[in-house]
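As structure tokens, the structure follows; a few thoughts come after it.
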Amino acid sequence: MTTQETRAFRWTPAHVVGLLVLCTAQVLDGVDVTVVNVALPAIASDLGFSEAALPWVINAYMVPFGGFLLLGGRLGDLRGRRKVLVGGISLFAAASLVSALAQNPETLIGARAVQGLAAALIAPMTLALIGVIFPSGPPRNRAFAAWAASYGVSSALGLLLGGALTDGPGWRWIFFVNLPIGVVLLVLTMLFVPADQPRRRHHRFDIVGAVTSTAGIGLLVYAVLDTADHPWGSARTIGLVLVSAALLGWFVMNELRVAEPLVSFTLFRLPGVAGATIVSVFRGSAMFALFYFATLYQQQVLHLSALQTGLNYLPMTVILVAASALGPTLVRWIGIRMAVVLGALLAAGGLVIFATIAPQGSVWSNVILPSLIVCTGLAIVIVPSTIAALNDVPQADTGIVSALQNVSLQLGGALGLAVLSSVVTARTTDLLAAGESPALALTSGFGVGFAMTAGLMVAAATAAALMLRDHGRGERVDMSRLSQPGFDE
82 MTTQETRAFR WTPAHVVGLL VLCTAQVLDG VDVTVVNVAL PAIASDLGFS
132 EAALPWVINA YMVPFGGFLL LGGRLGDLRG RRKVLVGGIS LFAAASLVSA
182 LAQNPETLIG ARAVQGLAAA LIAPMTLALI GVIFPSGPPR NRAFAAWAAS
232 YGVSSALGLL LGGALTDGPG WRWIFFVNLP IGVVLLVLTM LFVPADQPRR
282 RHHRFDIVGA VTSTAGIGLL VYAVLDTADH PWGSARTIGL VLVSAALLGW
332 FVMNELRVAE PLVSFTLFRL PGVAGATIVS VFRGSAMFAL FYFATLYQQQ
382 VLHLSALQTG LNYLPMTVIL VAASALGPTL VRWIGIRMAV VLGALLAAGG
432 LVIFATIAPQ GSVWSNVILP SLIVCTGLAI VIVPSTIAAL NDVPQADTGI
482 VSALQNVSLQ LGGALGLAVL SSVVTARTTD LLAAGESPAL ALTSGFGVGF
532 AMTAGLMVAA ATAAALMLRD HGRGERVDMS RLSQPGFDE
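For my numbering, add 81 to where a residue sits in the sequence shown, where the first one is 1.
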């Protein structure tokens, strides 16, 4: 739109409902990453999950979610964004039904993987359609702010809903509830989200890139998780790691060779893209490890119910929204680089407090207080790191780079949780074998996990200090660059 057309834009009820639909679809994606966390003990007991396989209830969702995000975004460009959004919501609802009816671990893990694939179709379309519906400038900035807020609260909201539903009608309802929500979203999408025309009719899909990257990372995560039964030096683990490396090497060679790759590696020559991607990987690892270990600590050591555990995460929802507003302000005061460093170190400090948990710990001092510190730091990191990723990127590549940040966040969370959970499991197992009580063994294991996660956030601060540029200090940040200007066509 032209500047005159942008100024002439007026919000209507249809715009409001359309934006709510897109934000709700985004929340649906984010909630299902964490909604199962507080239900994990109940799921494990009901379906007979082993301790080593239990993280796959989460990872089976995250790996295809991250792996297919870029392909999902490209598919929307080629086939129409509303059409892909409708298909993604329909597939998500169907996979949720299978998850709710699962009678064994294999069925649930398979259905969760399909949910992750559907989420990879939904997530990029919500942001892309905001770029289609709202013109750049204040209208799009407000719409993007609503989208970002919904993304920020979805994780904590998932934990709260998971606790309420698990303690109420049962863990299966964390999946059943997606069915009516999906139906309502489908109807409102067709009524209030305008159909768009694909920009290119003829294009070669980089299916090889999507499949090899997802399979390689998924196999690597599985190899790490399986070390609880097969040690690092075993032939099985070494073989899985080698196959994973071969698949990822194939992915890199494919991306360098094809005319239209899934990811152009030339983008990583830009320091902002490379630095922000590394920060996003560490941030994802810290976020998912925080929710996973804190949930298990509350239920397995403090013996809190699923509902009590979910309620303890409610303050996170408030702090995530409030602290995210600090990002642009800190960029103006101290610059992008120092804002990311400050947020990462603050999160690391909160994780260090988490590492001091005790078997007879207090919910306020061992859970709520450190979680508020960690979430404040993580929320501060989001906006400046995203600005850094987009600062030097050509307009035509801002959409791809935005999707890349989501990919690194999701896969960083999956791989980080796999590595950290294997270390925690090994530590707990060793202490139990030495005759320690289960509470002490679990607490010690979780403490090691939190300490390692704090180290990851220190690494994120180091990467930001070394790789990010100090754009933005003393300047007004152009938030419209975060709203995918590539979709203005």
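No residue lacks a Cβ here, since even glycine has one placed at the ideal position from N, Cα and C. Just so we're clear, the structure is a prediction, and the values are computed from it rather than from any experiment.
- Between the alpha carbons of Glu517 and Ser361 lies a gap of roughly 37 Å.
- Ser131 is classed as exposed because its beta carbon has fewer than 16 other beta carbons within 10 Å across all chains shown.
- Put simply, the backbone Cα of Met533 is about 19 Å away from that of Asn140.
- Here Glu187 carries a helix assignment [DSSP, helix/strand/coil].
- The C-beta separation of Leu166 from Ala227 comes to about 17 Å, leaving the pair out of contact by the 8 Å criterion.
- The DSSP-derived three-state label of Ser131 is coil.
- Put simply, the stretch 371-385 touches the stretch 435-445. At least three CB pairs are less than 8 Å apart.
- Relative to the Cα of Gln491, the nearest Cα in the group Leu135, Leu150 and Leu128 belongs to Leu150.
- Closest in alpha carbon position to Leu453, among Asn393, Ile170 and Glu341, is Asn393.
- Under the three-pair Cβ rule at 8 Å, the stretch 239-250 counts as touching the stretch 101-118.
- Shortest Cα-Cα distance from Asn447 to any of Gly320, Gly147 and Gly528 involves Gly528.
- Counting C-beta pairs with one atom in each stretch, the stretch 418-436 and the stretch 462-469 have three or more that are closer than 8 Å, which means they touch.
- Going by DSSP, Pro94 is part of the alpha helix (DSSP H) stretching over Pro94 to Thr115.
- Here the alpha carbons of Arg364 and Val462 stand approximately 8 Å from one another.
- Counting C-beta atoms within 10 angstroms of its own C-beta, Ala367 has 16 or more neighbours from the protein chains shown and is therefore classed as buried.
- DSSP places Thr543 inside the alpha helix (DSSP H), whose first and last residues are Pro519 to Met548.
- Ile262 and Gly243 have their C-alpha atoms some 15 Å from each other.
- Closest in alpha carbon position to Pro352, among Gln379, Ala470, Val302 and Ala403, is Ala470.
- For the pair of segments examined, the stretch 203-211 was found to touch the stretch 156-171: the number of CB pairs separated by less than 8 Å reaches three.
- Inclusion of Ile400 and Arg550 in the CB contact set at 8 Å is not warranted, their separation being larger than that value.
- Of the candidates Val505, Phe369, His311 and Leu267, Leu267 places its Cα closest to the Cα of Lys164.
- Rounded to whole angstroms, the separation of the alpha carbons of Tyr303 and Gln184 is 22 Å.
- Straight-line spacing of the CA atoms in Asp511 and Tyr378 works out to 18 Å.
- Residue nearest to Phe531 within the set Ala460, Leu485, Thr457 and Val433 is Val433 (criterion: CA-CA distance).
- Between Val305 and Val264, the alpha-carbon positions lie close to 38 Å from each other.
- Note that the C-beta distance between Leu329 and Gly297 is below 8 Å.
- With respect to the 8 Å criterion, Asn118 and Phe435 are not classified as neighbours on the basis of their beta carbons.
- Straight-line spacing of the CA atoms in Ala125 and Asp110 works out to 23 Å.
- In this chain, the alpha helix (DSSP H) harbouring Gly147 covers Trp137 to Gly148.
- Taken through DSSP and simplified to helix, strand or coil, Gly442 comes out as coil.
- Of the candidates Val179, Val539, Leu323 and Thr410, Val179 places its Cα closest to the Cα of Leu260.
- The beta carbons of Gly494 and Gly458 sit about 16 Å from each other, so the pair does not count as a contact at 8 Å.
- By the Cβ-count criterion, Trp414 is exposed, with fewer than 16 other Cβ atoms from all chains shown falling within 10 Å of its own Cβ.
- For Phe256, the enclosing alpha helix (DSSP H) covers residues Trp254 to Phe257.
- If you look at Thr398, you'll find it in the alpha helix (DSSP H) that goes Leu395 to Ser405.
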